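Line by line, the protein sequences give chains G and D.
Each residue of the first sequence is one higher than the one before, starting from 28 at the first, in my numbering.
Each residue of the second sequence is one higher than the one before, starting from 65 at the first, in my numbering.
The beta carbon of each residue, even a glycine, is placed where N, CA and C say it ideally should be.
Quick caveat, the model's predicted, so the values are computed rather than measured.
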Amino acid sequence: EPEVTQTPSHQVTQMGQEVILRCVPISNHLYFYWYRQILGQKVEFLVSFYNNEISEKSEIFDDQFSVERPDGSNFTLKIRSTKLEDSAMYFCASGKMVSTEAFFGQGTRLTVV
Amino acid sequence: GESVGLHLPTLSVQEGDNSIINCAYSNSASDYFIWYKQESGKGPQFIIDIRSNMDKRQGQRVTVLLNKTVKHLSLQIAATQPGDSAVYFCAENKRAAGNKLTFGGGTRVLVKP
Chain G
28 EPEVTQTPSH QVTQMGQEVI LRCVPISNHL YFYWYRQILG QKVEFLVSFY
78 NNEISEKSEI FDDQFSVERP DGSNFTLKIR STKLEDSAMY FCASGKMVST
128 EAFFGQGTRL TVV
Chain D
65 GESVGLHLPT LSVQEGDNSI INCAYSNSAS DYFIWYKQES GKGPQFIIDI
115 RSNMDKRQGQ RVTVLLNKTV KHLSLQIAAT QPGDSAVYFC AENKRAAGNK
165 LTFGGGTRVL VKP
């Protein structure tokens with residue numbers, strides 16, 4: 028069964044460093060998303076991406092964040108200068124169409140020290 | 065402001081019994097209301113959704129009820145099984161807002177053998 032894959036599963040980085048979280052969405056999907064979940068809290072929307080552009084972003088997704096689909100398979104989230112409060116589980120999701128059924132990856136646990 | 069929230073943080077249920085998970089919302093402008101399940105170490109998994117103009121929808125062992133008068137959403141799981149142990153999130157979807165999902169705080173369901 029096709030699935031969304033994310034790498035790495037765990038990333039530890041020093042405050043102020045740049046990190047890139049990688050995702051391979053399901054191959055025939057057209058809609059891509061990043062969410063994050065701070066430990067013990069709810070899942071929060073960061074950004075949605077369709078047709079090679081951002082379609083919606085939250086207030087969390089400030090100038091430190093960017094997304095890119097560099098080729099036909101990868102979807103990346105970059106945090107330019109990480110802060111301690113960026114520590115969270117980051118989930119990539121994709122969907123074939125405009126739908127409530129987003130398929131989530133296993134997540135990347137980002138720890139900023 | 066808008067919010068999607070849950071009444072009970074933890075629900076313990078005997079295997080074979082029915083489970084009911086509740087959620088309150090404040091934003092009436094959503095297109096869909098959805099339930100997601102998150103098992104430990106995994107990303108959220110779609111269970112069922114309901115369009116905002118409906119009041120009931122049934123799936124396999126699950127039923128979602130929407131009461132727009134009191135802005136209340138519930139998920140009923142019939143004959144709860146050990147594999148149903150997870151955190152359940154209600155969420156709302158806005159197609160016009162990049163198809164983003166706004167998640168509630170989550171309820172942990174523990175199934176006792």
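Task: Gly69/D - DSSP class collapsed to helix/strand/coil - done: What you label residue 69/D is simply residue 5 of the second sequence in a count that begins at 1. Unreliable placement is indicated for Gly69/D, whose pLDDT of 49 sits below 50; the coordinate value is still reported in the next sentence. Strand at Gly69/D.
Task: Proximity to Trp99/D [Cα-Cα], best of Tyr58/G, Leu66/G, Val70/G, His56/G - done: For the purposes of this step, residue 99/D is taken as the residue at position 35 of the second sequence. Measuring from the Cα of Trp99/D, the nearest candidate turns out to be Val70/G.
Open item on the list: As a quick exercise: from Tyr117/G, Gly132/G, Phe76/G, Pro29/G, pick the residue whose alpha carbon is nearest that of Ile47/G.
Closed with: Locating residue 47/G in the first sequence gives position 20, counting from the first residue. The shortest CA-to-CA distance from Ile47/G to any of Tyr117/G, Gly132/G, Phe76/G, Pro29/G is the one to Tyr117/G.
TODO: Please decide whether Ala150/D counts as near chain G, where near means a Cβ-Cβ distance under 7 Å.
DONE: What you label residue 150/D is simply residue 86 of the second sequence in a count that begins at 1. So, not an interface residue.
TODO: To the nearest angstrom, report how far apart Ser138/D and Phe92/G are at their CA atoms.
DONE: Residue numbering aside, residue 138/D sits at position 74 when the second sequence is read from its first letter. Residue numbering aside, residue 92/G sits at position 65 when the first sequence is read from its first letter. Annotation: Ser138/D to Phe92/G spans about 35 Å, alpha carbon to alpha carbon.
Task: Test: Ser93/G CB closer than 7 Å to a CB of chain D - done: Sequence index remark: in the first sequence, residue 93/G carries index 66 (1-based). Output row for Ser93/G: interface = no.
Open item on the list: Any beta carbon from chain D within less than 7 Å of Val125/G's own beta carbon?
Closed with: Locating residue 125/G in the first sequence gives position 98, where the first residue counts as 1. Judged by the 7 Å Cβ criterion, Val125/G is in contact with chain D.
TODO: Compute the Euclidean distance between the alpha carbons of Ser90/D and Phe102/G, then round it to the nearest angstrom.
DONE: By one-based count along the second sequence, residue 90/D stands at place 26. By one-based count along the first sequence, residue 102/G stands at place 75. The alpha-carbon atoms of Ser90/D and Phe102/G are separated by roughly 33 Å.
TODO: Could you please give me the residues that DSSP links to Asn131/D through a beta bridge?
DONE: By one-based count along the second sequence, residue 131/D stands at place 67. Partner residues in the beta bridge of Asn131/D, as assigned by DSSP, are His136/D.
Open item on the list: Quick test of your reading: Ser83/D and Val173/D, contact by CB under 8 Å. State the CB separation rounded to the nearest angstrom.
Closed with: Position 19 of the second sequence, counted from the start, is the residue given in the question as residue 83/D. Position 109 of the second sequence, counted from the start, is the residue given in the question as residue 173/D. Contact between Ser83/D and Val173/D holds, since their C-beta atoms are separated by about 6 Å, short of 8 Å.
Open item on the list: Below 9 Å on C-beta distance, what does Gly169/D contact in chain G?
Closed with: Along the second sequence, one-based indexing puts residue 169/D at 105. Those are Gln68, Lys69, listed as they occur along chain G.
Task: Gly147/D - DSSP class collapsed to helix/strand/coil - done: As a position in the second sequence, residue 147/D is number 83, starting the count at 1. In this structure, Gly147/D counts as helix in the three-state DSSP scheme.
Task: Partner residues on chain D for Glu83/G, Cβ-Cβ distance less than 8 Å - done: Taking the first sequence and counting its residues from 1, one reaches residue 83/G at position 56. Within chain D, the residues near Glu83/G are Ala161, Gly162, Asn163, Lys164.
TODO: Kindly indicate if chain D contains any beta-carbon less than 7 Å away from that of Gln133/G.
DONE: Along the first sequence, read from residue 1 onward, the residue named residue 133/G stands at position 106. So, interface residue.
Open item on the list: Classify Asn157/D: buried if its beta carbon has 16 or more other beta carbons within 10 angstroms, exposed otherwise.
Closed with: In the second sequence, counting from the first residue as 1, residue 157/D sits at position 93. Buried.
Open item on the list: Under 7 Å, Cβ to Cβ, is there at least one residue of chain D near Asp128/G?
Closed with: Numbered from its first residue, the first sequence carries residue 128/G at position 101. Correcting the residue type first, residue 128/G is Glu in the shown sequence and not Asp. Taking Cβ atoms only, chain D reaches closer than 7 Å to Glu128/G, which makes this a yes.
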